[in-house]
Structures are given as structure tokens and as C-alpha cells.
Amino acid sequence: MTRAAGTIRRRMAVADRRAALLQIGLDLFADQTPDEVRVEDVARAAGVSTGLLYNYFGSKREFHVAVVAAAYEQLRAATEPDPLLPSDERLRASLTGFLEHVRDNATGWAWLLRGAPGSDAELVSLGDAMRQTVIDRVLTDLPAQDVTPAARVAVRGWIGYIEACAVAWLSRPELRQDQVLELMVATLHAALHAALTAVPEET
């Protein structure tokens, strides 16, 4: 084996181990808030020492941030619609992915969607990046002339609404998922209609 090949193999092993530790953190995140996910529990589940885990992440906060970043990346993937679908079907597919992902990871996502990371600038930035992804998806499906400043504000406000709606739904299981989805779709349409009619563009 050449030195380069050996180096690549070692790097892949490190990346694989780091990914495995993150996955354990994400598994724990499904049933606990990120603050409750202890590195000791992760190390024990992985069969490694706490010291070795710190070799990969440096500190508990670095691990915490990495787990939240991985959670947002999973959410991004879960809500990525098929680009070949018609725009309304893309919206419903994305919202279905959102609701299913939140439902399957209820405790951790309730913590994030309630805004618990508000005092940590890095976690806030991760959440803002995910929200911008959603804004871009919605605005991309609008006619260019409808992408006004008011529409941008309306979509950002709608994201806050669906996050609060999802948290409320987690504690109200008698409301079906499809009912919550239609409520979210109708609210977006109403918000965009208001943006176009109540705040007309200046000419």
C-alpha cells in the first residue's frame, strides 16, 4: 500500500467514526433535548472512551453543535421534494416530509422549534440557514413578479407559523397529519395572497 492510500484509508476511518458518533447523538436526540444528550452516554453507546470522543469533537459544545447541524441536514433531506412534481405537489411533499420527520423525532425537534437555541449564535445560524432553504423553495415556485418584499416577509412569517403548528400538533395527536398539512398549505396561500393584495408594489 502506498503512503497516500494509507493516509486516505485512515482519514476515511476517522470520518466514519465521527459519523457513527453523530448518528448515536441523533438517535438520542429523537427522545431527548440536545441539552440532555450527554457525551458520556454517546461514548458508552459507541463503546469508546469519553476522551476519544473529545478527540473528534473537542468539547461537549462542539459535539452539541455538530449533532444539531446533522439534525438540520437530515431535515433538509427529508423535506427535499422531487423537482419533477408540479409546484403544489412539491409543497405538499415537502410539508409531509417535515411533519413525518418532526413526529419521528418529537422531543428533539420540539426543543429546537420552540427556539431553545436562542442564546447560542451558532445554533441560531443553523436554524436560520434551514429556514432560508424553505424560503428559497417557496419563492422559486412563484412567478417572478410575485416575489416582492412583502411576499418574502409573508413566507418568513409562515415558517414561524408552521414551526409553532408542528409543536402544537405533537401534543394534539387527535388531529390527523393530513389535516395539519392542509392547514399549513391554506395558510401559505392566504399569506401570499395578502402580500400581493394588501401590500401592492409601488409603481
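Going letter by letter, the sequence shown gives residues 417 to 619 in this note's numbering. Just so it is clear, CB atoms sit at the ideal spot from N, CA and C, and this is done for glycine as well.
Exposure label - residue i; buried when at least 16 CB within 10 Å
i      : result
VAL540 : exposed
SER510 : buried
VAL430 : exposed
THR613 : exposed
HIS609 : exposed
ASN471 : exposed
HIS605 : exposed
GLU530 : Here residue 530 turns out to be Arg, not Glu, going by the sequence shown. By the 10 Å Cβ count, ARG530 comes out exposed.
GLU506 : Reading off the sequence, residue 506 comes out as Arg, not Glu. Buried is the call here.
ALA446 : exposed
GLY524 : buried
GLY576 : exposed
Close beta carbons around residue i, own chain, < 8 Å, minus the five adjacent residues each side
i      : result
ALA420 : Caution is warranted here: a pLDDT of 41 is assigned to ALA420, below 50, making its placement in the model unreliable, and the coordinate value is therefore given only provisionally. No residues qualify anywhere along the chain.
ARG568 : ILE551 and LEU555
Own chain residues within Cβ distance below 6 Å of residue i, not counting five before or after
i      : result
GLN593 : LEU515
LEU360 : Only positions 417 to 619 of the chain appear in this structure, which leaves residue 360 out of reach.
Supposed contact pair residue j and residue i - C-beta distance, whole angstroms, cut 8 Å
i      : j      : result
GLY543 : LEU528 : 7 Å
THR466 : GLU456 : 6 Å
Nonlocal neighbours in the same chain, by C-beta distance under 7 Å from residue i, ignoring five residues either side
i      : result
ALA522 : LEU586
> Quick one: complete alpha helix (DSSP H) runs, 4+ long, within the region 452-505?
Replying inline: 455-462, 466-473 and 476-494
> Along the chain, which unbroken stretches of the alpha helix (DSSP H) at least 4 residues long are found entirely within the region 543-606?
Replying inline: 565-586
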